[in-house]
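Numbering (this note's numbering), first residue to last: 1 to 568.
Worksheet: the structure to be examined is printed underneath.
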């Protein structure tokens, strides 16, 4: 039986078939592969207010396949100055490679940023732009250290320690730790001791263990119920650990309960009509609430064996479901979820009945007037279908297919229900859908797939845009508070085309790869409110601009943060 014992839950969240939507228009800053690398970022680094020579500085690109690999590096000179050169137009995180140091101030939080808490700043660069005064004011980071023991007061060895940062309003931070963080420091040693360093000042919750019913809990040795410092199993009762600049919060000890047993689930995938096994079917597992109102995927991608068999180990007690998930470029079947519950023993004999799915096939047509070098990118396109499931509305529908060299595609394994088509591409310049045609009719609301009725002859007309919207957001009457979030998005009039962007440390944003036309650009600012986890929106703003190929449209928003009768 294929074993999933050593698989960690978070490794598969991004591939889980239950959420099969594809983000195809987030073109906030896509570098042109032919653009000259002549842009630069420079500034000065200080530690405790004094010039910091010899500090390694790196730039990480949002468009890099591996965001933890620096695209440029340098070292500060005797006066603490640095310059990162040879950069293309892109979005960058400028980071000091100093694990024990952090920036003295925290900025606002962006909705889909790759920003890391720590010694970094987020910068959007234009082609050949030279940006200066990106200063990093560093201070000593804080430390949290303690000992983790089991119910018998023995060291809990090789246990992962989790920390969560909260702002002054009690809101969980949306950002993560710096990309250079040492992962080993989050694990207890043979004495049960851990020491986490380089932390920004703030309030933290510290915990060890897993939530029951949370999916894969261990590698077969059992698991500890999640326990917060000092001894709470409920996050509401967890005690905050305060970390200040250069401080060490010692004695943050956690005593766990007894190790709980984990269990396994096993079964097979069969054809719903013939009861014959379906080898290779992609099996996925979900956390299923009592009312099945919302599934949470925690593992996806295990192929069934030669006899259709599947299995998973390391499950904590809880309610789960298993189903046949969509596959990339393959897989003709789908299934409804089969529910099961882990109480105090293994579960076996699960039978997932797969049904032959529906398909959408056709061709992708490139609109006239597109340069030849962009036509060559056709074979790099992936077309996807995503939408609702008519039999189980809370269970998403989806599938995808690579576009062939001749423009043909076929998406298989779809469920009955309404689906929408979208495009994705590995290339820097992504396409936009101009229109979708079927049997001579232009479709604007997607496809309604009926049971037993696949759709063929679909024409997806696409184009490649080379227009840009570049903008700034200027704040007046106050300083943006920590925890503030900004959302920038544009939509082309009369179409589904749209794209998002985020602000950098200077309040700049850019959206590339837009097709010619009139666009509405929207800005929404969310301010932290008094209650933990709550936000207060400022009135949204909108501007309209005209975009042409190989040109830039400029926009500027002004946000007044001056208090007005109880707040901005």
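Glycine included, every Cβ here is placed at the ideal spot set by N, Cα and C.
- For residue 348 and residue 448, the gap between their C-alpha atoms comes out near 37 Å.
- Of 298, 506, 47, the smallest CA-CA separation from residue 101 is found for 47.
- The three-state secondary structure of residue 239, taken from DSSP, is coil.
- For residue 526, the secondary structure class from DSSP, reduced to helix, strand or coil, is strand.
- Contact annotation: residue 267 and residue 352 have beta-carbon atoms nearer than 8 Å.
- With respect to the 8 Å criterion, residue 471 and residue 555 are classified as neighbours on the basis of their beta carbons.
- When only Cα atoms are considered, residue 192 and residue 184 end up about 13 Å apart.
- Beta-bridge annotation (DSSP): residue 303 is paired with 282.
- The three-state reading of DSSP puts residue 255 in strand, counting E and B together.
- Under the three-state reduction of DSSP output, residue 380 falls in the helix class.
- Going by C-alpha positions, residue 486 is about 41 Å away from residue 333.
- Given a length threshold of 3 residues, each whole run of the beta strand (DSSP E) inside the stretch 534 to 559 is given here in chain order: 535 to 537, 541 to 547.
- A direct Cα-to-Cα measurement between residue 382 and residue 512 gives close to 20 Å.
- Taking a cut-off of 8 Å on C-beta distances, the stretch 512 to 526 touches the stretch 475 to 490, as three or more cross pairs fall below it.
- In the structure shown, the three-state DSSP call for residue 184 is helix.
- Around the beta carbon of residue 250, a 10 Å sphere encloses fewer than 16 other beta carbons of the protein chains shown; the residue is thus reported as exposed.
- In this structure, residue 132 sits away from residue 82, with a CB-CB distance that is not shorter than 8 Å.
- In terms of Cβ geometry, residue 143 and residue 195 form a close pair [threshold 8 Å].
- A direct Cα-to-Cα measurement between residue 212 and residue 290 gives close to 14 Å.
- By the C-beta density criterion, residue 258 is exposed, having fewer than 16 other C-beta atoms within 10 angstroms.
- Under the three-state reduction of DSSP, residue 208 is assigned to strand.
- If you draw a straight line from the Cα of residue 135 to the Cα of residue 88, it comes to about 20 Å.
- Residue 528 counts as buried, since at least 16 other C-beta atoms from the protein chains shown sit within 10 angstroms of its C-beta.
- In the three-state DSSP reduction, residue 445 falls in the coil class, being neither helix nor strand.
- DSSP links residue 326 through a beta bridge to no other residue.
- Here residue 277 is bridged, per DSSP, to 270.
- Here residue 224 carries a coil assignment [DSSP, helix/strand/coil].
- With a cut-off of 8 Å on Cβ pairs, the stretch 311 to 326 is not in contact with the stretch 238 to 255, counting fewer than three such pairs.
- When only Cα atoms are considered, residue 315 and residue 350 end up about 15 Å apart.
- Rounded to whole angstroms, the separation of the alpha carbons of residue 298 and residue 341 is 15 Å.
- Within the same chain, Cβ atoms closer than 6 Å to the Cβ of residue 199 are found at 141, 142, 243, the five residues on either side in sequence being excluded.
- Under a 10 Å Cβ-count criterion, residue 283 is classified as buried, with 16 or more other Cβ atoms of the shown protein chains found around its own Cβ.
- In this structure, 344 is the residue among 344, 296, 73, 357 with its C-alpha nearest to the C-alpha of residue 222.
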